[in-house]
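**Student:** The C-terminal position of the sequence shown is numbered 552 in the working numbering, with every residue numbered one higher than the one before it. Just so it is clear, CB atoms sit at the ideal spot from N, CA and C, and this is done for glycine as well. After the structure tokens below, expect a handful of questions from me.
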Amino acid sequence: MNEQDDTTFYITTPIYYVTAAPSIGNAYTTVAADMLARWHRQRGESTWFLTGTDEHGQKVLEAASEHGASPQEWTDKLVAEEWQPVLDVVDISNDDFIRTTEKRHTDRVREFWQTLYDNGHVYQGTYEGPYCVACEEFKLPAELLPDPAGDAAVKLCPIHERPVQQLSESNYFFRLSAFGDRLLELYDRRPDFVGPTSARNEVVAFVKQGLQDLSVTRSTFDWGIGVPWDESHVLYVWIDALLNYVTAAGYGTEPDRFERLWPAVHLVGKDIVRFHAVIWPAMLMAAEVEVPQQVFAHGWLQVGGQKMSKSKATAIHPSEIVDTFGSDAYRYYFLRTIAFGSDGSFSWEHLEAVYTSELANGLGNLASRVTAMVARYFDGTLPPAGALGAGEEGLVSALADTAATADAAVERLALNEAIGAVEGFVGVVNGYISEQQPWQVAKTENRDRLATILYVAAESLRAVAVLHAAVMPRTAAALWDSLGAEAGLGALADQRLAAVGEWGQLPAGSRLTKGASLFPRLAATEPGS
Ligand code: ME8
């Protein structure tokens with residue numbers, strides 16, 4: 024816990040392009056960041072969680088004009104109707120939401136680039152080369168794919184498999200090439216700066232090839248932040264967007280707040296790791312601002328073996344899943360079943376199988392069995408435990424191990440391992456009950472033994488509520504409620520992870536109630552239909 028010092032765990036998501044409605048791909052990063060934010064709060068750490076929208080650039084401009092709207096009208100509408108509401112759909116606890124069209128951002132961005140220009144980091148030149156509008160990225164000819172139809176003049180973006188544009192523009196350039204050695208030294212000195220290892224290796228190899236200077240302005244359209252020293256150009260969308268992480272944190276306006284928040288941990292998809300781990304730290308080095316704490320790239324969600332994407336119309340909206348399974352199962356499914364950092368495929372069948380086996384038959388069944396038996400055999404009042412035998416001691420140590428394993432896994436951003444550890448513990452408790460057969464013990468005179476079994480099970484659920492609160496906040500709150508835990512232990516949010524493994528916290532005498540089923544059986548309709 025760092026309640027004493029004034030550093031903050033500052034976590035960010037990418038800011039998403041407002042070209043269409045959000046997909047489960049965008050929500051994947053946001054949910055992962057949310058789990059981390061909630062976990063750190065549950066540790067008692069001061070935490071700040073930022074997400075938002077990326078609203079400038081050619082891609083947003085084109086989406087707006089396809090819909091007959093001005094870009095500002097288009098982004099205002101989509102942010103209000105889609106991007107902000109989706110945060111409620113998947114239960115996001117962000118502290119701030121930044122839009123790159125906000126004045127708090129645009130003013131600071133202009134100042135930042137003016138300073139770099141004044142200090143000789145920017146010069147005028149001409150960009151001749153390929154550009155992928157879908158990536159909003161200047162490409163190297165060597166990384167492009169040939170046209171499947173054999174047209175030598177057409178080259179495809181390797182990510183979007185769509186033709187790139189050939190640009191020839193008079194632009195301003197940032198001397199990115201000057202930062203190669205300092206970047207390599209950074210990756211060397213801080214091996215965790217880029218994660219996971221696959222992303223780090225890619226970034227190091229890319230920088231070792233030698234960096235080219237980066238075109239940082241565009242002059243063939245005007246949807247962007249005006250270049251302060253030459254208003255006939257707008258800033259290239261990426262070097263505007265990356266600055267959101269500092270403009271939202273008080274850079275240039277609130278030095279004390281900025282000092283407290285910065286540097287941040289950036290969660291990104293692996294498609295944009297170079298922007299975050301190469302261009303972004305170089306920009307900060309040029310401005311003499313501290314580089315991020317970490318850039319962690321997760322993998323791609325795939326549907327039918329391919330990266331799910333808006334441009335290929337394979338995007339699924341989070342509501343399609345949440346409407347059937349609920350937000351907690353949604354969050355659990357994506358974070359639990361995909362190794363964080365690797366690609367993972369989504370299918371309705373797999374989602375339904377995990378929901379049924381781990382949530383409905385696992386945690387849901389455990390909670391309903393325990394609360395029902397306390398109601399039935401002890402009128403809903405939790406009895407004190409008698410002497411603990413080997414079975415109970417096994418649970419006590421399994422809990423301590425689970426708590427330590429989960430916390431260490433979150434520290435490494437192995438979110439799936441943390442959740443898996445808690446799921447494993449739920450399985451152990453379910454196994455304990457099946458073995459002990461309290462319903463048989465209830466037929467004997469041994470009330471003490473029955474009390475011990477049910478106390479031990481309820482106390483285990485107390486810990487599960489705390490350990491699952493970051494990934495399934497609604498379920499954890501419902502469980503806390505049905506354990507009657509608040510009366511003896513206070514609010515769920517005040518339970519500290521450092522103490523979650525300490526045994527015997529739920530007081531005997533707590534009033535348990537069998538609430539509504541945590542994970543109702545699915546209706547027999549086709550999910551997603
Ligand atoms: O790149 N699998 O925005 P964007 C996993 N505006 N994650 C996915 C995904 C998928 N199939 N599809 C999208 C941008 N994502 C820039 C960012 S930041 C300063 C500017 C997630 O709308 C993932 O986090 O294209 C990916 O990096 C991000 O959405 C791309 O969102």
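How do the stretch 466-474 and the stretch 496-504 stand: do at least 3 beta-carbon pairs fall below 8 angstroms, yes or no?
**Tutor:** The stretch 466-474 vs the stretch 496-504: no contact.
**Student:** Do A481 and L506 have their CB atoms nearer than 8 angstroms?
**Tutor:** Their beta carbons are under 8 angstroms apart, which means A481 touches L506 by this criterion.
**Student:** Can you give me the start and stop residues for the beta strand (DSSP E) that T74 sits inside?
**Tutor:** 70-77 is the span of the beta strand (DSSP E), which, as asked, contains T74.
**Student:** Would you kindly check if the distance between the Cβ of I34 and the Cβ of L324 is under 8 angstroms?
**Tutor:** Taking 8 angstroms as the Cβ cut-off, L324 and I34 do not qualify as a contacting pair.
**Student:** Helix, strand or coil for K537 per DSSP?
**Tutor:** If DSSP states are grouped into helix, strand and coil, K537 belongs with coil.
**Student:** Say whether the stretch 64-82 touches the stretch 252-266, bearing in mind that this needs 3 or more beta-carbon pairs closer than 8 angstroms, one atom from each stretch.
**Tutor:** Yes: the two stretches touch, three or more of their Cβ pairs being nearer than 8 angstroms.
**Student:** Starting from the Cα of G417, find the closest Cα among G454, N439, Q81 and give me that residue.
**Tutor:** For G417, the nearest C-alpha among the options comes from G454.
**Student:** Excluding sequence positions up to five away, which residues of its chain have a Cβ less than 6 angstroms from the Cβ of H373?
**Tutor:** Excluding positions up to five away in sequence, the list is empty.
**Student:** Considering only residues of the same chain and omitting the five flanking positions on each side of A423, which have a CB-CB separation below 6 angstroms?
**Tutor:** So the qualifying residues of the chain are G524.
**Student:** Would P108 count as contacting chain B if we go by Cβ distances under 8 angstroms?
**Tutor:** The structure shown has no chain B; it contains just one protein chain.
**Student:** Can you list, in chain order, the residues of its chain whose CB lies under 7 angstroms from that of R205, leaving out five sequence neighbours each side?
**Tutor:** Contacts found: M308.
**Student:** Which stretch, first to last residue, makes up the alpha helix (DSSP H) that contains T123?
**Tutor:** Careful: T123 lies outside any alpha helix (DSSP H) and carries neither H nor E.
**Student:** Mark G532 as exposed unless 16 or more other C-beta atoms lie within 10 angstroms of its C-beta, in which case mark it buried.
**Tutor:** Exposed: under 16 other Cβ atoms inside 10 Å.
**Student:** Would you call the stretch 350-366 and the stretch 514-521 in contact, with 3 or more CB pairs under 8 angstroms?
**Tutor:** Counting Cβ pairs under 8 angstroms, fewer than three are found: no touch.
**Student:** If you draw a straight line from the C-alpha of V288 to the C-alpha of E343, how long is it?
**Tutor:** Cα to Cα, V288 sits roughly 30 angstroms from E343.
**Student:** What is the DSSP secondary structure of A300, reduced to helix, strand or coil?
**Tutor:** It is helical.
**Student:** So, V132 versus Y195, is the Cβ gap smaller than 8 angstroms?
**Tutor:** Not a contact, by the Cβ cut-off of 8 angstroms.
**Student:** Check whether the stretch 533-548 and the stretch 380-398 are in contact - that is, three or more C-beta pairs closer than 8 angstroms.
**Tutor:** Flag = yes, the stretch 533-548 and the stretch 380-398 touch.
**Student:** With 16 other CB atoms within 10 Å as the buried threshold, where does E503 fall?
**Tutor:** Reading off the sequence, residue 503 comes out as Trp, not Glu. With 16 or more Cβ atoms within 10 Å of its Cβ, W503 is classed as buried.
**Student:** Using only CA atoms, which one of T36, W62, A441, E282 lies nearest to Y51?
**Tutor:** The shortest C-alpha separation from Y51 is found at T36.
**Student:** Can you look up V41 in the DSSP assignment and give me helix, strand or coil?
**Tutor:** In this structure, V41 counts as coil in the three-state DSSP scheme.
**Student:** Is K162 near the ligand ME8, in the sense that its beta carbon is under 7 angstroms from a heavy atom of that ligand?
**Tutor:** Not so, every heavy atom of the ligand ME8 lies at least 7 angstroms from the Cβ.
**Student:** In chain order, what residues of the same chain have a beta carbon less than 7 angstroms from the beta carbon of V102, not counting five sequence neighbours either side?
**Tutor:** The residues are V41, T76, R122.
**Student:** From this set, Y140, V83, V449, which residue's C-alpha is nearest V156's C-alpha?
**Tutor:** Among Y140, V83, V449, the Cα nearest to that of V156 is on V83.
**Student:** For A320, which three-state DSSP category applies?
**Tutor:** Residue state, collapsed to three classes: strand.
**Student:** Is it a yes or a no for the stretch 284-304 touching the stretch 209-218, going by three-plus beta-carbon pairs under 8 angstroms?
**Tutor:** The stretch 284-304, when compared against the stretch 209-218, does touch it at the 8 angstroms Cβ threshold.
**Student:** With H, G and I counted as helix, E and B as strand and the rest as coil, what does DSSP make of L237?
**Tutor:** Strand.
**Student:** Please say whether D118 and F72 have beta carbons closer to each other than 8 angstroms?
**Tutor:** A contact, by the Cβ cut-off of 8 angstroms.
**Student:** With respect to the beta strand (DSSP E) encompassing L190, which residues constitute its N-terminal and C-terminal limits?
**Tutor:** L190 -> beta strand (DSSP E) spans 188-197.
**Student:** Near E440, what residues of its chain come up, given a Cβ to Cβ distance below 7 angstroms and the 5 sequence neighbours on each side ignored?
**Tutor:** Same-chain partners within the cutoff: A432.
**Student:** For F369, write down the residues that DSSP places opposite it in a beta bridge.
**Tutor:** F369 pairs with V326.
**Student:** Can V487 and L515 be called in contact, C-beta distance under 8 angstroms?
**Tutor:** No.
**Student:** In terms of residues, what are the limits of the alpha helix (DSSP H) holding T270?
**Tutor:** 267-270 is the span of the alpha helix (DSSP H), which, as asked, contains T270.
**Student:** Should W71 be counted as a contact of the ligand ME8 given a C-beta to heavy atom distance under 7 angstroms?
**Tutor:** Not under cutoff, so the answer is no.
**Student:** From this set, E166, A222, G367, which residue's C-alpha is nearest G328's C-alpha?
**Tutor:** Closest by alpha carbon: G367.
**Student:** For P181, which three-state DSSP category applies?
**Tutor:** It is coil, neither helix nor strand.
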